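Each residue of the sequence shown is one higher than the last, beginning at 584 in our numbering.
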Amino acid sequence: MDENRKKVIVNELLYWKKSRMLPDRYCDYLLALYTEGSQPKEIKKHKSVMGLYLANLIFLLLIPISALLIYFTELSIILQTAILFLFIFTCIFFVFYFFRKAKLMHIPIISAALNLLMGSVALVSEVYRENQKALYAALVINCVLWLFAGLKLKFQYLWISGALGCFLIVISIFV
């Protein structure tokens, strides 16, 4: 086969693999077939994987930053809520972004869930200082969100956390 034609086919297969038009094993097989066993260097694979890991590290760091923001600063509750809303929105945006690119969306989901929990507890505790029922309602809403998200996305850690949280809240109310 002509060398230019092989290059075109190999580049097209690399593009299909990158954009997930075909499963990886099919692309690997066809690449091995057309390159006669010598796999070509995949473009930007190392950089994209490192970028995903760096983004996940940033999402993990959002959790302690949120805790510091809520419990150890003198910012007003409105500013704290706005910043936490920005963190949560960013996490949810990247969940959808990672869903298209790779299966590394668990860290942003966990970060968004914990930030939402901390933010809602801080907001309800500040607004309804003496009302324990409002705090329990906010906790139950968070747990139900986790439960439904876990069932919808088929993530076992989310629905177990939601169910266990609801169970513990019910126990703490009646004890």
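Positions of the beta carbon are idealized from the N, C-alpha and C atoms, including for glycine.
As the structure is a prediction and not an experimental result, all values here were calculated from the model.
Tell me whether E713 sits in a helix, a strand or coil according to DSSP, three-state version.
Locating residue 713 in the sequence shown gives position 130, counting from the first residue. Note: E713 maps to coil in three-state DSSP.
Compute the beta-carbon to beta-carbon distance between A696 and V707, rounded to the nearest angstrom, for a pair I have assumed lies under 8 Å.
Counting from 1 along the sequence shown, the entry for residue 696 is found at position 113. Counting from 1 along the sequence shown, the entry for residue 707 is found at position 124. In fact, because the Cβ distance is near 16 Å, the residues do not count as touching under 8 Å.
Exposed or buried, what is Q715 when buried is set at 16 or more other beta-carbons lying within 10 Å of its beta-carbon?
Here residue 715 corresponds to residue number 132 of the sequence shown, with the count starting at 1. Label assigned to Q715: exposed.
Shortest alpha-carbon distance to I690 belongs to which of M604, L741, V593, T656?
Taking the first residue of the sequence shown as 1, we reach residue 690 at position 107. The shortest Cα separation from I690 among M604, L741, V593, T656 belongs to L741.
Output the residue ranges of the beta strand (DSSP E) runs that lie fully inside the segment 723-756 and measure 3 residues or longer, sorted by chain position.
Correct list: empty.
Tell me the rounded alpha-carbon separation between V704 and Y711.
Numbered from 1 along the sequence shown, position 121 holds the residue referred to as residue 704. Numbered from 1 along the sequence shown, position 128 holds the residue referred to as residue 711. Between V704 and Y711, the C-alpha separation is close to 10 Å.
Output the distance between the C-alpha atoms of G702 and I653, rounded to the nearest integer angstrom.
On the sequence shown, position 119 is the one that residue 702 refers to. On the sequence shown, position 70 is the one that residue 653 refers to. Each residue's Cα considered, the two are about 8 Å apart.
Between F655, N639, G745, L662, which lies nearest to I675 when the distance is taken from Cα to Cα?
Residue mapping note: residue 675 aligns to position 92 of the sequence shown, counting from 1. Here the closest residue by C-alpha is N639.
Could you tell me whether the Cβ of A720 comes closer than 8 Å to any Cβ of chain B?
As a matter of chain content, chain B is missing from the structure shown, which is built from one protein chain.
Excluding five sequence neighbours on each side, which residues of the same chain lie with their C-beta closer than 8 Å to the C-beta of K627?
In the sequence shown, the residue the question calls residue 627 occupies position 44. Residue placement at K627 is poorly supported in this model, since its pLDDT is 45, which falls under 50; the coordinates are not used for a value here.
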